[in-house]
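Participant: Under the working numbering, the first residue of the sequence shown carries the number 9, and numbering increases by one thereafter. From the three backbone atoms N, C-alpha and C, an ideal C-beta is built for every residue, glycine too.
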Amino acid sequence: MTLFPHAGTRAAKLTVLGIGVAFMATACGGSSTPTASESTTAAAAGIACPAPGSTGGSSAPATGGGGGGAVPPSKGSTETPLKLGSLLPTTGSLAYLGPPEIAGVNLGVKEVNDAGGVLGKPIEVVHRDSGDTKTDIATQSTNALLGQGVNAIIGAASSGVSKTVINQITGAGVLQFSPANTSPDFTTWDDKGLYWRTAPSDVLQGKVLGNYMATCGAQTVGMIVLNDAYGTGLAKNIKAAFEGAGGKVVAEELFNEGDSQFSSQVDKVLAAKPDAIALITFDQAKSIVPLISGKGAKPSQMFLVDGNTSDYSKDFQAGTMLGAHGTFPGTFANEAFTKKLLQIDPALKDFTYGGESFDAVNLIALASEAAGSTSGPEIAKQLKGVSESGEKCSNFSSCVTLLREGKDIDYDGQSGPVTFSDAGDPTEAYIGIYEYTNDNKLKPLQSEFGKL
């Protein structure tokens, strides 16, 4: 098996030279005014914007979500079982993302342990709340997790929250693996090679959404943006793509985490009379959308992002979101995988980043097997190796069998064909484009594959 050490200081970083995206086009509608153990560019391709209610395009091929069969015993051994911590939101503005992420972690742990565990021992997981940037919950939770001797921490969901704890985690020699951080800042962070993620940088989501708005006929856009690492970073990339496609940003209004009044931002954006309105927020969208609708803007003018593309069927009157669009990273969740997540948490209604969380567990476990160690730095050295240039496999059982037979592997997971750069970023990913139906629920339209 070929080993691929991680670049320790990240002096040589990934440079984004361009993004090639494969597009599945549909007709455009024209211009729009915790339980488990405690290669064309988007602009050139012309992504099609379907009319509200039209049939969407196909999604990426589904990958396997688990595997049975006997697994050869591990030849390695360690006195310390692999112990994971999760730092995912159960309170705060991203609390709606917590359940699918936690379910993904728990499903991954279950399948790893069903296959015999890592290095001959079952893995453990301890869950802690990340909160959001308005509180110090993440720091307190990180202290608790480090105090319990975890080897890796899965989280945080928010890029802003991760920035408050990344030095604390990696400075302790512990691996940090986020299933949802998208800020480009982490690509060049001095993290001693210990920060990884399954969610792609906002460079990709920004390009897809910016160009998608243009293909829907928008020539001008107004933006309401959360003033943090996530919001401003994503806004920058959306703006660059939209302007590169010939559009113009006519208003860009910021708000801060913890704000509860958004009338000023909405009024200033609508005063600019944009064709499209980009909402780069978390759950603040629940307050912002009614303000926009109340001013007479059409729901088809609204474009959402991964922080707020969610089910609003219980939040708004029918038709409030009809024709609005949203994006978030990852393939469309396949039925077999969502059924497994529902077995873990029957109350799930949203599956966002569940696949990325599941993949994080599998990749950490496989890298630990490859390293013959549960040490965070040793696991980190093998993460790139288990994600590329080997025999394809898509679940822990089949992948660990190959590893124990002395073969190199290439893990492809529920979030897509995971392949890491030296900086710990996915080098290729899918961005799903969704449309809201009359009941304010999401309907998948297209899945865009891109490479960084």
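1. Mind listing, in chain order, the continuous alpha helix (DSSP H) runs of no fewer than 4 residues lying wholly within the segment 293–333?
2. With respect to the alpha helix (DSSP H) encompassing Thr289, which residues constitute its N-terminal and C-terminal limits?
3. Under 8 angstroms Cβ to Cβ from Ser149, same chain only, skipping five residues before and after it: list those, please.
4. Measuring only the C-alpha atoms, how far is Ser308 from Asp323?
5. Let me know the secondary structure DSSP gives Phe340 once reduced to three states.
6. Nearest CA to the CA of Lys449: which residue from Gly304, Thr98 and Thr317?
7. Looking at Asp418 and Gly432, is the spacing between their C-beta atoms short of 8 angstroms?
8. List the residues that DSSP assigns as beta-bridge partners of Phe185.
9. Taking the alpha-carbon positions, what's the Tyr104 to Pro97 distance?
10. For Pro354, does the three-state DSSP call read helix, strand or coil?
11. For Met231 and Ala344, what's the separation of their Cα atoms in angstroms?
12. I'd like to check one pair, Tyr220 with Met329: are the Cβ atoms closer than 8 angstroms?
13. The alpha helix (DSSP H) spanning Ala248 covers which residue range?
14. Got a sec? Which residues, its chain only, sit under 6 angstroms from Gly363 by beta carbon, not counting five neighbours each side?
15. Would you call Gly393 buried or exposed, if buried means 16 or more other Cβ atoms sit within 10 Å of its Cβ?
16. Any contact between the segment 267–278 and the segment 298–306? By contact I mean 3 or more CB pairs, one from each, below 8 angstroms.
17. State buried or exposed for Gly179, treating a residue as buried only when at least 16 other CB atoms are found within 10 Å of its CB.
18. Alpha carbon to alpha carbon, what distance is there between Thr195 and Leu127?
19. In this structure, what does DSSP give as the bridge partners for Asp137?
20. Check whether the Cβ atoms of Gly239 and Ile288 lie closer than 8 angstroms to each other.
21. Round the Cβ separation of Asp193 and Ala237 to the nearest angstrom and send it over; I've been treating them as touching at under 8 angstroms.
22. Could you name the residues of the same chain whose beta carbon sits closer than 7 angstroms to that of Thr228, not counting the 5 residues immediately before and after it, in chain order?
23. Output yes or no for whether 8 angstroms exceeds the beta carbon distance between Pro107 and Leu356.
24. Go to Tyr220, then tell me how far its beta strand (DSSP E) extends in each direction, as first and last residue.
25. Name the two residues that bound the continuous beta strand (DSSP E) containing Gln454.
26. On the three-state DSSP scale, how would you describe Ala280?
27. Is the Cβ-Cβ distance between Gly266 and Phe290 less than 8 angstroms?
28. Three-state secondary structure (DSSP) at Gly380?
Facilitator: Looking at the atomic coordinates:
1. 293–302
2. Neither: Thr289 is in no alpha helix (DSSP H) and is coded neither H nor E.
3. Leu95, Arg136, Asp137, Ser138 and Gly139
4. 18 angstroms
5. coil
6. Thr317
7. no
8. Ile162 and Trp204
9. 8 angstroms
10. coil
11. 37 angstroms
12. no
13. Ala237 to Gly252
14. Gly338, Gln422 and Ser423
15. buried
16. yes
17. exposed
18. 31 angstroms
19. Leu96
20. yes
21. 6 angstroms
22. Gly255, Lys256, Val258, Pro282 and Asp283
23. yes
24. Taken as a continuous stretch (DSSP letters only), Tyr220 belongs to no beta strand (DSSP E), being part of the alpha helix (DSSP H) at Asp210 to Thr223.
25. Leu450 to Lys459
26. coil
27. no
28. coil
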